[in-house]
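The structure appears below as structure tokens.
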Amino acid sequence: MSARLEGFEARVADRSLRVCVVGLGYVGLPVAVTFASAGFRVVGLERDEPRAHAIARGECPIGGDEPGLAPLLVEQVLQDRLTATTDARLLHEADVVIVCVETPVEADHHRPAYRALEAATRTIGGLAREGALVIVESTLSPGTMERRVRHWLEEAGKKVGVTLAMGHCPERVMPGRLLANLRTMSRVCGGDTPRTAAAMRALYATIVQAELDEASCVVAELTKTAENTYRDVNIAFANELARVCEAVGADFLEVRSLVNKSPGRNVLVAGLGVGGHCIPKDPWLFAAAMHERASPEHALSLVPAARAANEQMPLHVSELVEEALAAQKRALAGACVAVLGYAYSRRATTSATARARPSSPRSARVGPRCASTIPSSRASPRRSTTSCATQTPS
Ligand SMILES: NC(=O)c1ccc[n+]([C@@H]2O[C@H](COP(=O)([O-])OP(=O)(O)OC[C@H]3O[C@@H](n4cnc5c(N)ncnc54)[C@H](O)[C@@H]3O)[C@@H](O)[C@H]2O)c1
7 MSARLEGFEA RVADRSLRVC VVGLGYVGLP VAVTFASAGF RVVGLERDEP
57 RAHAIARGEC PIGGDEPGLA PLLVEQVLQD RLTATTDARL LHEADVVIVC
107 VETPVEADHH RPAYRALEAA TRTIGGLARE GALVIVESTL SPGTMERRVR
157 HWLEEAGKKV GVTLAMGHCP ERVMPGRLLA NLRTMSRVCG GDTPRTAAAM
207 RALYATIVQA ELDEASCVVA ELTKTAENTY RDVNIAFANE LARVCEAVGA
257 DFLEVRSLVN KSPGRNVLVA GLGVGGHCIP KDPWLFAAAM HERASPEHAL
307 SLVPAARAAN EQMPLHVSEL VEEALAAQKR ALAGACVAVL GYAYSRRATT
357 SATARARPSS PRSARVGPRC ASTIPSSRAS PRRSTTSCAT QTPS
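Take the sequence shown: its position 373, counted from the start at 1, is 379 in the working numbering, and no numbers get skipped.
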């Protein structure tokens, strides 16, 4: 195959294409398992050796309740359709390389931290076979495929459009529903050329029962980061409305329901801020597209402001708790606070990114005891009881 991907659809149809998934985390493992269960031979390339070995033995390293994932992994490993390794030389055997490594932002200045992405794409550029299709599923700041991924692949020896095809197909999965989301969420297939986008569509049609839209790489990057930025900004507005309601003594839920009677309005529910893996991070990836291009006076204002508004909600809520206790002549120190809905979403199976964690310096300092329930799709919810005083402020 060349970068024109001749015969690609036929090789999708007869399942003779070999797939390599780079990074077997929350996204990469279900992607690898799903392509294997669709009939492809899949090798997972994972940097973390114990994780790679566990997956190669059919052991699922993803905690929490992920319906169907662990049995499907065992099945694919036993049927020899899926293996996992740390040996990057196996990249050479793949016709399609799917990159699912982490793309966080730096804690201090919120710019993309692409260390894993750079290492992965440079390795792929050096070791992938000529004619391979390299698809990045990791979430990217708009412009990253053209400005960085192309550059890293080419510095390592390939020529995009000539010896490699390149695409971006961002994920819409959520922990707790990884397999189900992967199969039922629509996807944007962004290609370096329309031919690449069409080939990606044929490939993803084997695992996704939903719309697959062909686009360019930058449109795919924008779509993913914009959808989560939109959510963050709307949550920030709900939180600010709630604070105005508190200040003037009105009931937020009453005001919200009346506002939403006006056509085209849909104020969200206010809360503790924004938890989870993607929504607190992706607005920074979205905004980073401007940092790299515009002079400081053209930097975005709304998106960082929404982030700041949401980030201050845990502290604000802990102040409300303190005031409510004071009204009952109780101190926060030594109080037992029940947090209902501790996890960041209904289906979350981990509290790691919950905004209800005692993350404010204030609660960590005072140290009330907290009892929390993490909702789970299982019949009996997992319970955790934790002392705020023992937790590190995040
Ligand atoms: N977790 C989610 O719910 C979710 C949802 C949608 C999109 N995403 C995006 O998907 C991407 C992956 O997220 P994740 O949650 O799966 O991350 P993760 O940290 O769970 O997994 C990343 C994996 O990649 C491995 N890795 C890193 N560099 C590597 C390399 N050079 N070679 C081989 N393996 C390497 C890591 O060891 C890790 O196991 C991110 O861009 C994220 O924003 C995540």
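A virtual CB, placed ideally from N, CA and C, is assigned to each residue, including glycine.
Open item on the list: Can you tell me whether Met172 is helix, strand or coil according to DSSP?
Closed with: As a working note, residue 172 is residue 166 in the sequence shown. Reduced to three states, the DSSP call for Met172 is strand.
TODO: Measure how close the beta-carbons of Ala244 and Leu209 come, nearest whole angstrom, since I'm counting them as under 8 Å.
DONE: Position 238 of the sequence shown, counted from the first residue, corresponds to residue 244. Position 203 of the sequence shown, counted from the first residue, corresponds to residue 209. Ala244 to Leu209, Cβ: 39 Å. No contact.
- [ ] Determine the direct distance from the alpha carbon of Ala76 to that of Pro148, and round the result to whole angstroms.
- [x] What you label residue 148 is simply residue 142 of the sequence shown in a count that begins at 1. What you label residue 76 is simply residue 70 of the sequence shown in a count that begins at 1. Computed Cα separation, rounded: 34 Å.
- [ ] Give the secondary structure of Glu220 by DSSP, where H, G and I count as helix, E and B as strand, and everything else as coil.
- [x] Here residue 220 refers to the residue found at position 214 when the sequence shown is read from its first residue. In the structure shown, Glu220 sits in a strand (DSSP, three-state: E or B).
Open item on the list: Any heavy atom of ligand 1 closer than 7 Å to the beta-carbon of Val111?
Closed with: Taking the first residue of the sequence shown as 1, we reach residue 111 at position 105. Val111 Cβ: outside cutoff for every heavy atom of ligand 1.
TODO: Spatial neighbours of Glu108 within its chain, please: CB distance less than 6 Å, with the 5 preceding and 5 following residues excluded, ordered by chain position.
DONE: The residue labelled residue 108 in the question sits at position 102 within the sequence shown. Closer than 6 Å at the Cβ level, and outside the excluded window around Glu108, lie Ala122.
Task: Residue from Arg313, Arg299 and Val254 with nearest C-alpha to Thr150 - done: Position 144 of the sequence shown, counted from the first residue, corresponds to residue 150. When only C-alpha atoms are compared, the closest one is Arg299.
Task: Residue(s) in a DSSP beta bridge with Arg24 - done: The count along the sequence shown starts at 1 and reaches residue 24 at position 18. Arg47, per the DSSP bridge assignment.
Task: Backbone CA spacing between Leu247 and His116 [nearest angstrom] - done: If you number the sequence shown from 1, residue 247 lands on position 241. If you number the sequence shown from 1, residue 116 lands on position 110. Rounded to the nearest angstrom, the two C-alpha atoms are 26 Å apart.
Open item on the list: On the CB-based measure, 16 or more other CB atoms within 10 Å of its CB, does Pro289 come out buried or exposed?
Closed with: Taking the first residue of the sequence shown as position 1, residue 289 is located at position 283. Buried: at least 16 other Cβ atoms inside 10 Å.
Task: Secondary structure, beta strand (DSSP E): runs of 3+ residues fully inside the stretch 247-302 - done: none
Task: Terminal residues of the alpha helix (DSSP H) in which Leu346 lies - done: In the sequence shown, counting from the first residue as 1, residue 346 sits at position 340. Unbroken run through Leu346: none, as it is neither H nor E.
TODO: State the Cα-Cα distance for the pair Ser378 and Thr202, rounded to the nearest angstrom.
DONE: Translated into positions along the sequence shown, residue 378 becomes position 372. Translated into positions along the sequence shown, residue 202 becomes position 196. Low per-residue confidence applies at Ser378: pLDDT is 49, beneath 50, and the placement is therefore not dependable enough to give any value.
Task: Best match in Val18, Gly13, Phe14 and Leu11 for proximity to Thr212 [C-alpha to C-alpha] - done: Numbered from its first residue, the sequence shown carries residue 212 at position 206. Considering only alpha carbons, the answer is Val18.
Open item on the list: With DSSP as the reference, identify every bridge partner of Gly2, one or two as the case may be.
Closed with: Lying outside 7 to 400, the shown extent of the chain, residue 2 is not represented and no answer is given.
Open item on the list: On the DSSP letters alone, give me the boundaries of the beta strand (DSSP E) that Leu90 sits inside.
Closed with: Residue mapping note: residue 90 aligns to position 84 of the sequence shown, counting from 1. The residue asked about is misnamed: residue 90 is Ala in this sequence, not Leu. Note, Ala90: beta strand (DSSP E), Leu88 to Thr91.
Task: Element boundaries [alpha helix (DSSP H), containing Arg207] - done: As a first step, residue 207 must be located in the sequence shown, where it is residue number 201. Looking at the DSSP string, the run of the alpha helix (DSSP H) that includes Arg207 is Pro200 to Tyr210.
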